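S.K.: Take this structure first; my questions come after.
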């Protein structure tokens with residue numbers, strides 16, 4: 001029998017509400033079960049019991065995760081703050097560590113720009129779990145509840161993800177000084193001067209190089225890469241060693257350009273630009289530590 005308040009209304013079970021809020025934020029019954037340390041059938045049973053008690057559907061079940069209904073969004077808005085405050089008191093009393101913030105993004109950006117920014121937060125007690133990967137895979141993980149935040153080189157689509165522009169990346173055609181001496185100063189009409197020069201790429205279909213050729217030289221790149229390595233830091237190292245020429249984000253090669261280890265082979269008036277985004281799940285109240293991570297990245301990005 002469901003307990004009732006003094007006015008005759010039904011009391012909602014605190015455990016069920018906690019489970020509901022975790023599912024709401026995770027966007028997945030499986031991920032919510034992992035976070036709560038429960039079996040998935042237990043989580044499913046608690047959600048069904050709460051739906052029966054409210055006589056309202058809280059989630060639409062999809063092949064990959066769940067989508068909250070308007071009823072769920074209203075309930076989450078009413079209970080999230082009190083439950084979060086209660087959890088903070090319980091965490092302090094139990095001296096339990098907070099749940100890690102799960103962050104995904106391009107390996108190079110994470111290593112060079114993001115982790116140095118987040119180091120003070122880690123030193124202050126924030127726990128991080130960082131996963132490098134490709135944008136599409138990471139965004140799928142975000143929707144499934146495997147990540148709290150994702151840094152993406154492509155604009156996320158769909159209503160299940162909220163994304164804010166973070167920074168613009170400028171792409172630069174670079175090579176070791178010996179290649180500059182060989183091909184000479186280049187202009188937008190001098191793509192032919194690079195015929196026979198080895199190209200270094202992080203993927204077989206040379207996406208960054210193709211975009212540069214199309215944007216700057218106004219022609220289609222047909223040359224096959226001489227070296228393919230799926231890490232832009234390795235691409236950069238190969239270019240410094242003289243293996244050939246490549247196109248990389250300027251932030252990645254700023255130190256090498258400053259020391260002369262690499263030179264820009266062309267400085268177009270209108271270089272290719274790519275916008276990076278920081279993404280989170282829609283209809284989700286971020287935990288305080290996730291908000292700290294997100295805000296630290298946004299603040300630092302103002303100077304990039």
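In UniProt numbering, the protein residues as written are 1 to 304. For each residue, glycine too, the CB sits at the ideal point set by N, CA and C. As the structure is a computational prediction, the values presented were derived from the model and not from experiment.
For residue 281, report the span of its beta strand (DSSP E) as first-last.
M.R.: Counting from one through the chain shown, the residue named residue 281 turns up at place 281. First-last of the beta strand (DSSP E) with residue 281: 273–281.
S.K.: Quickly, what does DSSP pair residue 129 with across the bridge? List them, please.
M.R.: The count along the chain shown starts at 1 and reaches residue 129 at position 129. In the DSSP output, where bridge partners are listed per residue, residue 129 has 102.
S.K.: Tell me the DSSP secondary structure of residue 217 in three-state form.
M.R.: Residue numbering aside, residue 217 sits at position 217 when the chain shown is read from its first letter. Reduced to three states, the DSSP call for residue 217 is helix.
S.K.: Excluding the five sequence neighbours on either side, which residues of its own chain have a C-beta within less than 7 angstroms of the C-beta of residue 141, listed in chain order?
M.R.: Mapped onto the chain shown, residue 141 falls at position 141. For residue 141, same chain residues with a beta-carbon under 7 angstroms away, outside a window of 5 residues either side, are 104 and 147 in chain order.
S.K.: Can you tell me which of the three DSSP states residue 269 falls into?
M.R.: As a working mapping, residue 269 is identified with position 269 in the chain shown. Of the three classes helix, strand and coil, the one that applies to residue 269 here is coil, per DSSP.
S.K.: Here's the rule: buried if 16 or more other CB atoms are within 10 angstroms of the residue's CB, otherwise exposed. What is residue 17?
M.R.: Residue numbering aside, residue 17 sits at position 17 when the chain shown is read from its first letter. Residue 17 is buried by the Cβ-count criterion.
S.K.: Can you grab the Cα-Cα spacing for the pair residue 109 / residue 133, in whole Å?
M.R.: Here residue 109 refers to the residue found at position 109 of the chain shown. Here residue 133 refers to the residue found at position 133 of the chain shown. Answer to the nearest angstrom: the Cα atoms are 11 angstroms apart.
S.K.: Tell me whether residue 68 sits in a helix, a strand or coil according to DSSP, three-state version.
M.R.: Against the chain shown, residue 68 aligns to sequence position 68. In the structure shown, residue 68 falls within a strand segment according to DSSP collapsed to helix, strand and coil.
S.K.: When DSSP labels each residue in this structure, what does residue 293 get in the three-state scheme?
M.R.: Your numbering for residue 293 matches position 293 in the chain shown. Three-state DSSP puts residue 293 in a helix.
S.K.: Please classify residue 82 as buried or exposed, where buried requires at least 16 other C-beta atoms within 10 Å of its C-beta.
M.R.: On the chain shown, position 82 is the one that residue 82 refers to. Classification of residue 82: exposed, given that the 10 Å Cβ count is below 16.
S.K.: Which residues in the same chain as residue 264 place their Cβ atom closer than 8 angstroms to its Cβ, once the five residues preceding and following it in sequence are excluded?
M.R.: Position 264 of the chain shown, counting from 1, holds the residue named residue 264. Taking C-beta separations shorter than 8 angstroms and ignoring five residues to either side along the sequence, the partners of residue 264 in its chain run 172, 173, 174 and 257, following chain order.
S.K.: What are the partner residues of residue 286, as DSSP defines its beta bridges?
M.R.: If you number the chain shown from 1, residue 286 lands on position 286. Residue 286 pairs with nothing; no bridge assigned.
S.K.: Hey, could you find the ends of the alpha helix (DSSP H) residue 256 is sitting in?
M.R.: One-based indexing of the chain shown puts residue 256 at position 256. Segment 250–259, the alpha helix (DSSP H) holding residue 256.
S.K.: Report all residues from its chain with a CB closer than 7 angstroms to the CB of residue 283; omit the five preceding and five following residues, and keep chain order.
M.R.: If you number the chain shown from 1, residue 283 lands on position 283. Once the five neighbours on either side are set aside, the close Cβ partners of residue 283 are 68 and 73.
S.K.: Given a cut-off of 9 angstroms, decide if residue 232 and residue 202 are closer than it, judged by their beta-carbon atoms.
M.R.: Along the chain shown, one-based indexing puts residue 202 at 202. Along the chain shown, one-based indexing puts residue 232 at 232. Yes, they are a contact pair.
S.K.: Can you tell me whether residue 23 is buried or exposed, with buried defined as 16 or more other CB within 10 angstroms of its CB?
M.R.: Along the chain shown, read from residue 1 onward, the residue named residue 23 stands at position 23. That one is buried.
S.K.: Report the CB separation of residue 226 from residue 266 in whole angstroms; it is logged as a contact under 8 angstroms.
M.R.: The residue labelled residue 226 in the question sits at position 226 within the chain shown. The residue labelled residue 266 in the question sits at position 266 within the chain shown. Residue 226 to residue 266, Cβ: 19 angstroms. No contact.
S.K.: Going by Cα to Cα distance, which pick from 290, 260 and 56 is closest to residue 177?
M.R.: The residue given as residue 177 occupies position 177 in the chain shown. Out of 290, 260 and 56, 260 has the C-alpha closest to the C-alpha of residue 177.
S.K.: Between the segment 284–295 and the segment 122–139, do at least 3 Cβ pairs fall closer than 8 angstroms?
M.R.: yes
S.K.: If I follow the unbroken alpha helix (DSSP H) through residue 136, where does it start and stop?
M.R.: Looking up residue 136 in the chain shown gives position 136. Where residue 136 is concerned, the enclosing alpha helix (DSSP H) stretches over 135–143.
S.K.: Can you tell me which of the three DSSP states residue 302 falls into?
M.R.: Your numbering for residue 302 matches position 302 in the chain shown. Note: residue 302 maps to coil in three-state DSSP.
S.K.: Tell me whether residue 187 is buried or exposed, calling it buried when 16 or more other Cβ atoms sit within 10 Å of its Cβ.
M.R.: Within the chain shown, numbered from 1, the residue matching residue 187 stands at position 187. Looking at its Cβ environment, which holds fewer than 16 other Cβ atoms inside 10 Å, residue 187 is exposed.
S.K.: If distances are taken between C-alpha atoms only, which option among 86, 33, 19 and 13 comes closest to residue 53?
M.R.: Counting from one through the chain shown, the residue named residue 53 turns up at place 53. When C-alpha distances from residue 53 are compared across 86, 33, 19 and 13, the shortest belongs to 13.
S.K.: Considering only their Cβ atoms, is the gap separating residue 139 from residue 131 smaller than 9 angstroms?
M.R.: Residue numbering aside, residue 131 sits at position 131 when the chain shown is read from its first letter. Residue numbering aside, residue 139 sits at position 139 when the chain shown is read from its first letter. No, Cβ-Cβ distance for residue 131 and residue 139 is not below 9 angstroms.
S.K.: For residue 273, count neighbouring Cβ atoms within 10 angstroms of its own Cβ and tell me buried if that reaches 16, exposed if not.
M.R.: To locate residue 273, count along the chain shown from 1; it is residue 273. Exposed, by the Cβ-count rule.
S.K.: Hey, out of 296, 279, 79 and 11, whose CA is closest to residue 154's CA?
M.R.: Locating residue 154 in the chain shown gives position 154, counting from the first residue. The option with the nearest alpha carbon to residue 154 is 279.
S.K.: Can you list, in chain order, the residues of its chain whose CB lies under 7 angstroms from that of residue 44, leaving out five sequence neighbours each side?
M.R.: Along the chain shown, one-based indexing puts residue 44 at 44. Correct list, in chain order: 29.
S.K.: Closest to residue 224 by C-alpha separation, out of 143, 216, 194 and 238, would be which residue?
M.R.: Taking the chain shown and counting its residues from 1, the one referred to as residue 224 is at position 224. When only C-alpha atoms are compared, the closest one is 194.
S.K.: Following the continuous alpha helix (DSSP H) through residue 51, name the residue where it begins and the one where it ends.
M.R.: Sequence index remark: in the chain shown, residue 51 carries index 51 (1-based). Counting along the chain, the alpha helix (DSSP H) containing residue 51 begins and ends at 40–54.
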